[in-house]
Structure formats: structure tokens, C-alpha cells
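Residue numbers (my numbering): 23 to 279.
Laid out in C-alpha cells, this is it:
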């Protein structure tokens, strides 16, 4: 069992709310990445998802797309991000979210080898189909990096157990049909869908896409282990609202007495 799976399962078994904030690496400049990771750690993040800027981010909504474009204008590359991550020490596990093209261009074997020198314990590749996971999975066998699967609302029910068994770290349950964003309307059947995934999985299931309020977090905690929050965090950071970021995470993970 990979370290990320162990750490998040321990939180799940302790009935803690697993909260994974997403940030776009380099959107505010790579020199601020360590400070942003520390901010999210201090706020109580269970893990931190780091987006890699890419020119064709098919799963990202406008807020994250704009952050990616800012990073690209700052000449942020995957190589520079990995170099920066090698200098950053944090107790909070890091998860890289990247499309396949940047790591293919970097070199798959080199990429996995370089991650071993960082605190990265998870990898999400949204445009890598399950049927093609063998492009990456064999390279991760001797690594402590977990390949995290995504399950969509449109994923056939009979396919879900196969995906969760193959996955490590956590199961990323996409809560909407479409791209990331805030103020999204959720289907009435979503809670049932999340419950089914969590009941099929021995790993934590986290709901993502559109999660932007404590009410969303409270709702999803009734059917799965926690949430991933991206656009809300990215927007607040882009506006310089660090205090609001910390307050949002702390309120989201706080247990009501």
C-alpha cells in the first residue's frame, strides 16, 4: 500500500474530513509556491494538489485555465516545477495533476525518477484512459507515487469496482458533467452515486469539480470521505485573499459539535 493511501485512510478511519485544495503551480510565480504550500498546510489540508500549466487543459474551467495561462506567461514549465519541489520540504503529501503531454515530453521514466526526490506521493492524469494506464503504471511499481483514478458521472456502474481496485491514493469522483468551476448545480442522484463508489472502494473517495462552499463539503461528507477544492482556492489566491483561503479550509474541516 502506498504512503498516500495509508495517510488518507488513517484520516478516513478517524472520521476526519479529508480536504485536498488544488493550486496551479506558478500562477503567482514559482518563487511563491513554497509559501502557498505552507499556507495550505497550516490551514489543515490533508494533501495538496498541484496543477501543471498546459496549453490545452480540457478538464479545466475558466478560473483554472486563466491561472494556467498566467503560469505559462511566467515561463513556468514542468522541469522548473520539479526543480522547485525538490527544494520544498512539507509534511503534507503533494499530488500532481497534469495532462499526459507534459510528462511525455519530459520523459516518463525521468519524471517518475525525479518525483522520488520530492514530497509528491500522488499523480492524476485526467486524459489518460484506464485502458492505457500501462503507459505509466509499470514505472510506478517501484515508486511510492500513487496513480489516482477518476470516476465520472457517466462511468457505467459495473465499471466502477474495476477502477477503484486498480487505483491508489484516493478515488477522484467527478461531481459534474463538464469542467471545473464554482457555483455548479449538482444532480439529485449525485449523493447516491458517491455512496455507491465509496461502498465499492477500500480507499477514500473524494468529490471534486464545483466544490466551493462549506455547504458542499458538509453535503458530500455524508456520502464519501471528503472533497477536492480547486477553482475557489485558485480564485482567492489570485485575488491575494490568503486569510480567506485559510478560513475557508479551517471551517470546511471543522466538526460541528
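Don't be surprised by glycine CBs; every beta carbon is placed ideally from N, CA and C.
Near residue 251, what residues of its chain come up, given a Cβ to Cβ distance below 6 Å and the 5 sequence neighbours on each side ignored? In the chain shown, residue 251 corresponds to position 229, counting from 1. Excluding positions up to five away in sequence, the list reads 43 and 233.
What does DSSP give as the partner residues of residue 46 in its beta bridges? Working through the chain shown from its first residue, we reach residue 46 at position 24. Residue 46 is bridged to 73.
Taking 6 Å as the limit between beta carbons, can you name the residues of its chain near residue 39, skipping five residues before and five after? By 1-based counting over the chain shown, the position of residue 39 is 17. Only 243, 248 and 275 meet the Cβ criterion.
Residue from 192, 101 and 66 with nearest C-alpha to residue 26: Within the chain shown, residue 26 is the residue found at index 4, counting from 1. Checking every option, the nearest Cα to that of residue 26 belongs to 192.
Could you spell out where the alpha helix (DSSP H) holding residue 150 opens and where it closes? Numbered from its first residue, the chain shown carries residue 150 at position 128. Run containing residue 150: none; DSSP gives neither H nor E here.
Under a three-way DSSP split, which group does residue 90 fall into? Working through the chain shown from its first residue, we reach residue 90 at position 68. Looking at residue 90 - three-state DSSP - the assignment turns out to be helix.
Please determine, among 253, 209, 153 and 173, the residue with the shortest C-alpha to C-alpha distance to residue 84. Counting from one through the chain shown, the residue named residue 84 turns up at place 62. The shortest C-alpha separation from residue 84 is found at 253.
Beta-carbon gap between residue 145 and residue 170 smaller than 8 Å: Your numbering for residue 145 matches position 123 in the chain shown. Your numbering for residue 170 matches position 148 in the chain shown. Cβ distance < 8 Å, so residue 145 and residue 170 count as in contact.
Collapsed DSSP secondary structure at residue 271 in the structure displayed: Position 249 of the chain shown, counting from 1, holds the residue named residue 271. Residue 271 falls in the helix class under three-state DSSP.
Reducing DSSP to helix, strand and coil, say where residue 279 ends up. Along the chain shown, one-based indexing puts residue 279 at 257. Its pLDDT being 41, under 50, residue 279 is placed unreliably by the model, and nothing is read from it.
Excluding the 5 residues flanking residue 107 on each side, which residues of the same chain have their C-beta closer than 6 Å to its C-beta? In the chain shown, residue 107 corresponds to position 85, counting from 1. Cβ neighbours of residue 107 beyond the five flanking positions: 140.
Return yes when the Cβ of residue 245 is within less than 8 Å of the Cβ of residue 216, no when it is not. Here residue 216 corresponds to residue number 194 of the chain shown, with the count starting at 1. Here residue 245 corresponds to residue number 223 of the chain shown, with the count starting at 1. It is a contact, given that the beta carbons lie within the stated cut-off.
Quick one: Cα of residue 147 to Cα of residue 78, how far? Sequence index remark: in the chain shown, residue 147 carries index 125 (1-based). Sequence index remark: in the chain shown, residue 78 carries index 56 (1-based). About 13 Å.
Backbone secondary structure at residue 258 - three-state DSSP: For the purposes of this step, residue 258 is taken as the residue at position 236 of the chain shown. In this structure, residue 258 counts as helix in the three-state DSSP scheme.
Look at the alpha carbon of residue 284 and the alpha carbon of residue 32, and state the distance between them as a whole number of angstroms. A question about residue 284 goes unanswered here, because the residues of the chain that appear run from 23 up to 279.
Any heavy atom of the ligand COA closer than 7 Å to the Cβ of residue 125? Here there are no bound small molecules, and the ligand COA is not part of this structure.
Apart from the five residues just before and just after residue 56, which ones in its own chain have a Cβ nearer than 7 Å to its Cβ? Numbered from 1 along the chain shown, position 34 holds the residue referred to as residue 56. The answer, listed in chain order, is 110.
Classify residue 273: buried if its beta carbon has 16 or more other beta carbons within 10 angstroms, exposed otherwise. For the purposes of this step, residue 273 is taken as residue 251 along the chain shown, with counting starting at 1. Exposed is the call here.
Give me the residue from 194, 179 and 118 with the minimum Cα distance to residue 19. Nothing can be reported for residue 19: it is not among the residues displayed for the chain, which extend from 23 to 279.
Inter-residue spacing [alpha-carbon to alpha-carbon] between residue 89 and residue 257: By one-based count along the chain shown, residue 89 stands at place 67. By one-based count along the chain shown, residue 257 stands at place 235. Near 9 Å, if we compare the C-alpha coordinates of residue 257 and residue 89.
When you compare the CB positions of residue 128 and residue 100, do they come within less than 8 Å of one another, or not? Translated into positions along the chain shown, residue 128 becomes position 106. Translated into positions along the chain shown, residue 100 becomes position 78. Yes, they are a contact pair.
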